[in-house]
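Protein chains in written order, with the numbering used here: chain A, 64 to 324; chain X, 4 to 273. We put the CB at the ideal spot given by N, CA and C, even for glycine.
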């Protein structure tokens, strides 16, 4: 699936006041592409994902899905940062939930989930409840569930945002492994520049709210061995470019604007 | 002790038994001290033994009543009415609470009725029910059921409205329809609080079951207590009170055990 987002504006009501979360957002996502959205907190990244998923309606502009198969649940799946698993289901049932919703028979879905859990180092944890897992394991199960559900498009809302670095690195590998096998298009929201560059084909930088796309950086580093190239010239060039844009578009810029006015 | 591994396990069992014994002592010492003091106070006539007969005599009375089969028929009458009414009330209350929780239309229709009945003393409805249904068990069982229904549906509604929106959104995102949401999300997520509701519904309906027997019945614990008062048979009076309290304790214990099976993840939301 690919998507084109044209001149999107999303507003919502807070205590009777209309807040514009996103304004003039345009971008596209190719089939099988991995893009990251990065921006200051409050720039509407989460709103963006919820709009793509269909939970919010844009008040202007459009999102076009090609082929038009993105309708209905399960088509555009969100992976959340926390509370990403159902506390009352075991790891196995959580992982198999997407398949359950698709009507896959119990035996088949449990087997598929068990195999996937085993491949990602979670064998022996199938009957645990989420409270018995570490934060990293929980997110690993959430990512596994998302790929098992075989969605048309994956929307990831800072899924590794609350993890320590070693765990985060490990999960990034898991994610790239799963993505590489399925080549699902991914929209990955993060506030970590290294993570965005490491994972993505392209990085979109959003401005402070109401968010719009202020920069778009293609990551041309080969995926093979990308982890080792984080000190390469290309990586650093990209990183400093993104950080410059973020600094310019961050909260500080707004203050200056207000001051001038 | 043979191998060290086996020795360890035996030590583990001993430790468990020790912990269990400690828990038992911690639970029982207070009532034990109370009963012992009562026994001494009554037999030495520090208190009037007519109003406060010694526990040993109460126990003897209870044993005699049990041997004569009287106790079984008394307990049976109360438990049967309570169980029948409460079971019906719980099933209906659960359905009613879920319905109100997931459907705005149902909530608008039912919530005022439930709220109105919530704080009405349910016993005030007895005369009306007896007028309609006669003097038999029917009005009593219906009243007991009504109490269970009101308290459980209120708690269930509250529980379902308190379910984290995140989980609902997550399930909808995976393609869950309304029925699936109820079965896989709302009900299990609400289950801990539904158990609180069960505890309230069951104890309130027990209160009403016994109160009804005080007012108008010839059998059951309430009737035993009332007739003992009328005939000044204080030992039988205490047997009735202790039995009523015991039913409550057993119910709480039973629910706690059931809860640990049904809600193994309770209190650990993460």
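### Task
Closer than 6 Å by C-beta to residue 44 of chain X: which residues in its own chain qualify, once you throw out the five before and the five after it? Chain order, please.
50
### Query
DSSP three-state call for residue 331 of chain A: helix, strand or coil?
What the structure shows of chain A is the stretch from 64 to 324, and residue 331 of chain A is not part of that stretch, so it cannot be assessed.
### Message
Short of 6 Å in beta carbon distance, which residues of its chain neighbour residue 68 of chain X, apart from the five on each side in sequence? Order them along the chain.
### Response
74
### Task
Ignore the nearest five residues each way along the sequence and tell me which others in residue 304 of chain A's own chain have a CB closer than 7 Å to its CB.
280
### Task
Run down chain X in chain order and give the residues with a C-beta less than 8 Å from the C-beta of residue 116 of chain A.
176
### Message
When you compare the stretch 176-194 of chain X with the stretch 119-132 of chain X, are there three or more beta-carbon pairs, one atom per stretch, that lie closer than 8 Å?
### Response
no
### Message
By the 7 Å beta-carbon criterion, what residues does the stretch 246-269 of chain X contribute toward chain A?
### Response
267, 268
### Query
On the three-pair Cβ rule with 8 Å, is the stretch 135-155 of chain A touching the stretch 195-215 of chain A?
yes
### Query
Which residues, in order along the stretch 140-174 of chain X, keep a beta-carbon less than 8 Å from a beta-carbon of chain A?
167, 169, 170, 172, 173, 174
### Message
Any beta carbon of chain A sitting closer than 8 Å to that of residue 179 of chain X?
### Response
yes
### Among X:46, X:141, X:208, X:47, nearest to residue 92 of chain X - alpha-carbon criterion
X:208
### Task
Report the three-state DSSP secondary structure of residue 207 of chain X (helix, strand or coil).
helix
### Task
Using a threshold of 8 Å, state whether the C-beta atoms of residue 126 of chain A and residue 66 of chain A are closer than that.
yes
### Query
On the three-state DSSP scale, how would you describe residue 125 of chain A?
strand
### Nearest residue (CA-CA) to residue 256 of chain A, options A:205, A:93, A:301
A:301
### Message
In this structure, how does DSSP classify residue 286 of chain A when only helix, strand and coil are distinguished?
### Response
coil
### Query
Hey, how far is the Cα of residue 168 of chain A from the Cα of residue 175 of chain A?
11 Å
### Query
Using the rule of at least 16 other Cβ atoms within 10 Å of the residue's Cβ for burial, across every protein chain shown, is residue 164 of chain A buried or exposed?
buried
### Query
For the stretch 190-216 of chain X, which residues have a beta carbon sitting closer than 8 Å to at least one beta carbon of chain A?
191, 192, 194
### Query
Apart from the five residues just before and just after residue 170 of chain A, which ones in its own chain have a Cβ nearer than 6 Å to its Cβ?
none
### Query
Contact check, residue 71 of chain A vs residue 121 of chain A under 8 Å by CB: the rounded distance?
5 Å
### Message
Among the candidates X:79, X:47, X:41, whose CA atom is the shortest distance from the CA of residue 246 of chain X?
### Response
X:79
### Message
If I measure Cβ to Cβ from residue 77 of chain X and keep anything under 7 Å in the same chain, skipping five residues before and after, which residues do I get?
### Response
222, 223, 224, 227
### Message
Tell me the DSSP secondary structure of residue 263 of chain A in three-state form.
### Response
coil
### Task
With a 10 Å radius around its C-beta and 16 neighbouring C-beta atoms as the bar for buried, classify residue 176 of chain X as buried or exposed.
buried
### Task
For residue 167 of chain X, name the three-state secondary structure that DSSP assigns.
coil
### Task
For residue 19 of chain X, count neighbouring Cβ atoms within 10 angstroms of its own Cβ and tell me buried if that reaches 16, exposed if not.
exposed
### Task
Go ahead and label residue 183 of chain A buried or exposed: buried means 16 or more other beta carbons lie within 10 angstroms of its beta carbon, across all protein chains shown.
buried
### Task
Report the residues of the stretch 157-190 of chain A with a CB closer than 9 Å to any CB of chain X, ordered along the chain.
160, 161, 163, 164, 165
### Message
Between which residues of its own chain and residue 154 of chain A is the CB-CB distance below 6 Å, once the five residues before and five after are set aside?
### Response
188, 189, 191, 204
### Task
Using a Cβ-Cβ cut-off of 8 Å, state whether residue 134 of chain A counts as contacting chain X.
In this prediction, residue 134 of chain A scores a pLDDT of 48, lower than 50, which makes its location untrustworthy; the coordinate-derived value is nonetheless stated afterwards. So no, residue 134 of chain A is outside the interface.
### residue 88 of chain X, buried or exposed, once every other Cβ within 10 Å from all chains shown has been counted against 16
buried
### Task
Just tell me which of X:204, X:218, X:72 has its CA closest to the CA of residue 254 of chain X.
X:204
### Message
Rounding to the nearest angstrom, what Cα-Cα distance links residue 33 of chain X and residue 147 of chain X in this structure?
### Response
33 Å
### Query
Is residue 251 of chain A helix, strand or coil by DSSP?
strand
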